[in-house]
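Some notes on the structure that comes next.
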Amino acid sequence: MKPIIVAVVGGKDTYKTRAVELLTSYFTSRGLRVAALKHLHHVETIDKEGKDTWRFAKAGAKVVVAASHSEVAVLKKDVAWSLKGLIKLVEEEVDVVIIEGFKSFVSDEESFMKIVTAKTVNELEDLLGQLKPPIAAITGPVAKQLKGYWNGIPVIDLDNNGVRLAELIQRIAEDNRCKCCREEGEL
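Following the numbering used here from start to finish, the sequence shown increments by one per residue and tops out at 314.
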């Protein structure tokens, strides 16, 4: 079965990471396997200069694998990637994929639920103007200014009711799965 895919989109300091942490904790506490994808749009390399892996890449290695007793990191240099390709890398191993950032990659994607984080109503309006539905929820500092629903979209304050965000995503995902099963004649 395809994983649930949720994209958390917003500007700097709008609680994107907090939302991803909350969703990850919620879903893993219910026994679901989660992948978190983070876009590092202003970072040249995720490797550390001077470390052995960095030195291997600098010497010309196109793929560097670092393994410890509890994790594996694969660093591919000079690779053209796509968000869908990254999802394909993990989708067999997880039930939920949570995406942080990647705004230009998710903006037109109608198969991903989107959570929009913003500081102000103006920032929120600007973001919503760039994104195609489905927009599952609004959160971030703007949730202190708005209550309930904004233009039909649930507004959720992570500080006071963060679990509601995760429950909403789970409910939407379950509803969508049931709808897909009905359309495919499985129910």
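Beta carbons are placed, not taken as given, at the ideal position from N, Cα and C, and that holds for glycine. What you are looking at is a predicted structure, and each value in this text was computed from that prediction instead of being measured.
A direct Cα-Cα distance of roughly 13 Å separates G289 from I242. Under the DSSP assignment, T155 falls outside any beta strand (DSSP E), being part of the alpha helix (DSSP H) whose first and last residues are 143 to 156. Given a length threshold of 4 residues, each whole run of the alpha helix (DSSP H) inside the segment 184 to 220 is given here in chain order: 210 to 217. Annotation: H166 to V192 spans about 20 Å, alpha carbon to alpha carbon. The closest CA to that of V217, considering only K178, T244, E252, L164, is found on L164. Distances from the CA of A162 to each of E220, P281, H168, L210 were compared; the closest alpha carbon is that of E220. Cβ atoms of V135 and I225 come within 8 Å of each other, at about 7 Å. Look at the beta carbons and you see the segment 152 to 160 not touching the segment 171 to 184: under three pairs across the two are nearer than 8 Å.
The C-alpha of V206 is placed about 10 Å away from the C-alpha of V190.
Sorting V269, W277, E227 by C-alpha distance to the C-alpha of L149 places E227 at the top. In this structure L251 is in contact with I265, their Cβ atoms being roughly 6 Å apart against a cut-off of 8 Å. Under DSSP, W277 shares a beta bridge with I280.
CA-CA distance, G275 to S234, rounds to 24 Å.
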